[in-house]
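Student: Here it is, the structure, as structure tokens.
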Amino acid sequence: MKQILITNIKELINIEETPRPFVAGKEMSNLKTLKNAWLLIEGDRIKDFGSMETLPSDLQSRLSDSGIKHYELFDTTSPLHHGTTAPPSPPSPPSPPSPPVPSPQSPVKTFHPLRQYDDLTVIDATNRFVFPSFCDSHTHLVYAGSREIEYVDKIKGFSYEEIAKRGGGILNSAKLLHETSEEELVEQAMDRLNEIISLGTGAVEIKSGYGLTVEDELKMLRVIRKLKELSPLTIVSTFLGAHAIPAGYEGRQTDYVDLVISEMIPQVATEELADFIDVFCDRGFFTVEDTDRILNAGMKYGLRPKIHANELDYSGGIQVGVKHNALSVDHLEYTGDAEIACLLQSATMPVILPGAAFFLNMIHAPARKMIDAGLPVAFASDFNPGSSPTGNMQLILSMACITYRLLPEEAIHATTLNGAYAMGVSDELGSIARGKRANLFITKPISTYEFMPYAYGSNKVDSVILNGEFWMYK
Ligand code: NIG
Ligand code: FE
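Counting with my numbering, you get residues 26 to 499 for the letters of the sequence shown.
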């Protein structure tokens with residue numbers, strides 16, 4: 026089986042000897058790392074790791090084996106490259122693989138492995154950090170086009186709800202999506218996925234919710250299924266038929282909820298198109314009663330909730346989510362003592378979406394208060410065309426620290442292990458642990474792990490390994 030050995034890692038971040046499903050409260054600031062480390066990947070799994078001083082003798086003897094391909098990471102163009110040590114001589118790379126020949130029917134752009142190796146490959150990560158990939162547990166990244174004109178309306182001072190009432194917002198995206206083919210949607214989404222891979226994301230949740238008819242909701246979920254096949258990312262899908270009241274249902278909200286329950290959910294379940302179910306339970310959107318009915322219907326088909334809650338008001342969304350054992354409740358700008366007390370009694374992950382709060386100029390979810398009360402929190406991008414047109418988890422990491430006052434250690438947990446829990450994959454992803462899937466990134470040469478959130482706005486990720494293979498764009 027193919028192996029990759031990464032040596033001389035300046036610091037290996039978020040290691041776990043005994044994997045946990047998530048970390049909460051004070052534990053969030055207790056980030057386990059290993060300095061001057063090695064990491065061995067076998068197949069698509071993390072096989073082992075340790076300190077360079079105790080590199081096992083079998084690996085040591087293999088290092089001197091002349092048949093092994095060594096690869097030094099080298100990025101002269103990077104402003105982050107420290108000039109104090111002589112840069113390594115440029116690698117003599119193994120012959121690059123021939124790029125996959127795109128089939129004429131498929132216009133889809135995909136990543137391809139950076140280099141292919143047989144047996145053992147050694148990578149010298151001197152001056153570099155290795156992180157587990159970000160796990161982005163909340164996105165809407167399947168969408169058509171963009172909505173920058175509304176962005177200007179927002180600057181002029183129209184609220185999210187006012188824009189929605191003017192026929193903009195989610196309904197605007199629903200119209201665009203209706204007019205766009207499945208193939209085109211796949212192509213647009215693949216570009217977004219490729220971009221987030223290059224920024225360090227290794228797992229992502231994607232919601233439907235710009236369909237809002239039976240046909241178009243199914244179309245979106247089929248697009249997500251196609252993305253699962255095409256992309257090396259771990260992808261989970263969420264059915265969000267109750268994202269907005271579609272055109273034609275004005276004043277007949279209950280009829281739309283009936284449609285979601287009696288037609289959409291059964292078809293989504295029959296075609297096995299979704300892993301989770303979501304409802305936008307908030308003022309001006311779906312009520313607690315609507316949410317209760319939809320979640321009950323979804324649970325009959327085994328769809329566990331992950332819901333949009335308390336973004337616009339104390340909507341009761343957190344409570345109804347917890348009542349239905351939601352895996353996560355997301356947004357949470359309006360979270361008070363009652364909501365925190367409710368979450369403390371649950372297995373529900375509170376997920377905060379700083380991109381949306383920033384873009385919409387909203388109040389901020391009380392993340393610090395939640396952690397101090399003993400709760401876990403996850404941070405996700407909410408990548409979508411209306412309220413957070415970015416999937417950059419490095420930026421989310423920085424916002425978690427500066428805007429929400431998380432320590433870098435807490436923010437790293439919030440964007441890796443806790444994100445993984447909020448999308449149901451923390452047994453596989455979210456930390457550096459033996460047996461977990463080898464989804465990780467190697468940074469450019471940087472000084473400390475605190476530099477990751479500190480240097481906001483630049484890409485500190487150099488190389489990405491997903492499923493035990495190197496990936497790069499084109
Ligand atoms: O998570 N809050 C509801 N839904 C999305 C916004 C979607 C849109 O405006 O297109 C969100 O922010
Ligand atoms: Fe969202």
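Beta carbons: idealized from backbone N, C-alpha and C, even for Gly. Note that this is a predicted model, so its numbers are computed, not measured.
With H, G and I counted as helix, E and B as strand and the rest as coil, what does DSSP make of Y429?
Tutor: What you label residue 429 is simply residue 404 of the sequence shown in a count that begins at 1. Here Y429 sits in coil by DSSP.
Student: Under 7 Å from any heavy atom of ligand 1, does the C-beta of G411 make it?
Tutor: As a working mapping, residue 411 is identified with position 386 in the sequence shown. Yes, since a heavy atom of ligand 1 falls inside the 7 Å radius drawn around the Cβ of G411.
Student: Taking L202 as the reference, which of G227, G192, S171, K190 has the closest Cα?
Tutor: One-based indexing of the sequence shown puts residue 202 at position 177. Comparing Cα positions, the closest option is S171.
Student: For E42, which of helix, strand or coil comes out of DSSP?
Tutor: Counted from its first residue, the sequence shown places residue 42 at position 17. Correct three-state label for E42: coil.
Student: Consult DSSP for D452 and reduce its assignment to one of helix, strand or coil.
Tutor: The residue labelled residue 452 in the question sits at position 427 within the sequence shown. Note: D452 maps to coil in three-state DSSP.
Student: Taking S198 as the reference, which of N386, T146, M26, E175 has the closest Cα?
Tutor: Here residue 198 corresponds to residue number 173 of the sequence shown, with the count starting at 1. Of N386, T146, M26, E175, the residue nearest in Cα terms is E175.
Student: Please classify F383: does DSSP put it in a helix, a strand, or coil?
Tutor: In the sequence shown, counting from the first residue as 1, residue 383 sits at position 358. F383: helix per DSSP, three-state reduction.
Student: Using the C-alpha atoms, what's the distance from S262 back to D487?
Tutor: Walking along the sequence shown from the start, residue 487 turns up at place 462. Walking along the sequence shown from the start, residue 262 turns up at place 237. Rounded to the nearest angstrom, the two C-alpha atoms are 28 Å apart.
Student: Smallest Cα separation from L465: which of A334, T226, A425, S76?
Tutor: For the purposes of this step, residue 465 is taken as the residue at position 440 of the sequence shown. Among A334, T226, A425, S76, the Cα nearest to that of L465 is on T226.
Student: Please tell me whether V347 and P375 are closer than 8 Å, where the distance is taken between their beta carbons.
Tutor: As a position in the sequence shown, residue 347 is number 322, starting the count at 1. As a position in the sequence shown, residue 375 is number 350, starting the count at 1. Not a contact, by the Cβ cut-off of 8 Å.
Student: Would you kindly work out how many angstroms separate the C-alpha atoms of Y339 and S287, rounded to a whole number?
Tutor: The count along the sequence shown starts at 1 and reaches residue 339 at position 314. The count along the sequence shown starts at 1 and reaches residue 287 at position 262. So the alpha carbons of these two residues sit roughly 29 Å apart.
Student: Figure out for me which residue from G193, K94, Y168, F183 has the closest Cα to the Cα of T146.
Tutor: For this step, residue 146 is matched to residue 121 along the sequence shown. Ranking G193, K94, Y168, F183 by Cα distance to T146 puts K94 first.
Student: Apart from the five residues just before and just after F74, which ones in its own chain have a Cβ nearer than 8 Å to its Cβ?
Tutor: If you number the sequence shown from 1, residue 74 lands on position 49. Correct list, in chain order: L37, I40, L59, A62, W63, L64, L65, I457, R459.
Student: Once DSSP output is grouped into helix, strand and coil, what is the label at V48?
Tutor: Locating residue 48 in the sequence shown gives position 23, where the first residue counts as 1. Of the three classes helix, strand and coil, the one that applies to V48 here is coil, per DSSP.
Student: At the level of alpha carbons, what is the spacing between T102 and P470?
Tutor: For this step, residue 102 is matched to residue 77 along the sequence shown. For this step, residue 470 is matched to residue 445 along the sequence shown. Confidence in T102 is poor, its pLDDT being 39 and thus under 50, which makes the residue's placement unreliable; the coordinate value appears in the next sentence. The straight-line gap from Cα to Cα measures roughly 12 Å.
Student: So V500 packs on V155, CB below 8 Å; how close in whole Å?
Tutor: Lying outside 26 to 499, the shown extent of the chain, residue 500 is not represented and no answer is given.
Student: At which residues does the alpha helix (DSSP H) containing I290 begin and terminate?
Tutor: For the purposes of this step, residue 290 is identified with residue 265 of the sequence shown, where counting begins at 1. 290–295 is the extent of the alpha helix (DSSP H) around I290.
Student: Looking only at C-alpha atoms, which of P330, D355, F305, E358 sits nearest to Y235?
Tutor: One-based indexing of the sequence shown puts residue 235 at position 210. Nearest of P330, D355, F305, E358 to Y235, Cα basis: F305.
Student: Thinking just about the alpha-carbon of each residue, which of P291, D216, S412 is nearest to the one in I180?
Tutor: Position 155 of the sequence shown, counted from the start, is the residue given in the question as residue 180. Per the Cα distances, S412.
Student: Where in the segment 275–330 do unbroken runs of the beta strand (DSSP E), each at least 3 residues long, occur, reported from the N-terminal end onward?
Tutor: Counting only runs of 3 or more, we get 301–306.
Student: For the segment 352–362 against the segment 326–334, do three or more pairs of beta-carbon atoms, one drawn from each stretch, fall closer than 8 Å, so that the two count as touching?
Tutor: In short, these stretches touch, since the Cβ pair count reaches three.
Student: Suppose contacts are defined by Cβ-Cβ distances below 8 Å. Is T32 in contact with A150 by that definition?
Tutor: Here residue 32 refers to the residue found at position 7 when the sequence shown is read from its first residue. Here residue 150 refers to the residue found at position 125 when the sequence shown is read from its first residue. Yes, Cβ-Cβ distance for T32 and A150 is below 8 Å.
Student: If I follow the unbroken alpha helix (DSSP H) through V261, where does it start and stop?
Tutor: Reading the sequence shown from its first residue, position 236 is the one you call residue 261. Careful: V261 lies outside any alpha helix (DSSP H), inside the beta strand (DSSP E) at 259–267.
Student: Hey, G449 and D300: beta-carbon distance below 8 Å or not?
Tutor: Your numbering for residue 449 matches position 424 in the sequence shown. Your numbering for residue 300 matches position 275 in the sequence shown. It is a contact, given that the beta carbons lie within the stated cut-off.
Student: Short of 6 Å in beta carbon distance, which residues of its chain neighbour Q278, apart from the five on each side in sequence? Order them along the chain.
Tutor: For the purposes of this step, residue 278 is identified with residue 253 of the sequence shown, where counting begins at 1. Result list for Q278: I270, in chain order.
Student: Using three-state DSSP, classify K232 as helix, strand or coil.
Tutor: Here residue 232 is taken as the residue at index 207 of the sequence shown, counted from 1. Here K232 sits in strand by DSSP.
Student: Using C-beta distances below 6 Å, list every residue in its chain close to I29, excluding the 5 sequence neighbours before and after it, in chain order.
Tutor: Residue mapping note: residue 29 aligns to position 4 of the sequence shown, counting from 1. Answer for I29: I66, T146, listed in chain order.
Student: Within the same chain, show all residues whose beta-carbon is closer than 7 Å to that of E518, passing over the 5 residues directly before and after it, in chain order.
Tutor: Outside the modelled stretch of the chain, which goes from 26 to 499, sits residue 518, for which no answer is possible.
Student: DSSP three-state call for R172: helix, strand or coil?
Tutor: For the purposes of this step, residue 172 is taken as residue 147 along the sequence shown, with counting starting at 1. The answer is coil: DSSP assigns R172 none of H, G, I, E or B.
Student: Could you give the DSSP three-state label for D90: helix, strand or coil?
Tutor: Here residue 90 refers to the residue found at position 65 when the sequence shown is read from its first residue. Coil at D90, not helix or strand.
Student: Between Q213 and L243, how many whole angstroms is the CB-CB distance? I'm expecting something under 8 Å.
Tutor: On the sequence shown, position 188 is the one that residue 213 refers to. On the sequence shown, position 218 is the one that residue 243 refers to. Between L243 and Q213 the Cβ distance is about 18 Å, and since that is not below 8 Å, they are no contact.
Student: Alpha carbon to alpha carbon, what distance is there between K190 and A272?
Tutor: As a first step, residue 272 is located in the sequence shown; it is residue number 247 there, counting from the start. As a first step, residue 190 is located in the sequence shown; it is residue number 165 there, counting from the start. A272 and K190: Cα-Cα distance of roughly 11 Å.
Student: According to the Cβ coordinates, are L454 and A267 closer than 8 Å?
Tutor: As a first step, residue 454 is located in the sequence shown; it is residue number 429 there, counting from the start. As a first step, residue 267 is located in the sequence shown; it is residue number 242 there, counting from the start. Not in contact: L454 and A267 (Cβ atoms no closer than 8 Å).
Student: What is the DSSP secondary structure of D144, counted as helix, strand or coil?
Tutor: As a position in the sequence shown, residue 144 is number 119, starting the count at 1. Correct three-state label for D144: coil.
Student: In this structure, does DSSP put Q419 in helix, strand or coil?
Tutor: Along the sequence shown, read from residue 1 onward, the residue named residue 419 stands at position 394. Note: Q419 maps to helix in three-state DSSP.
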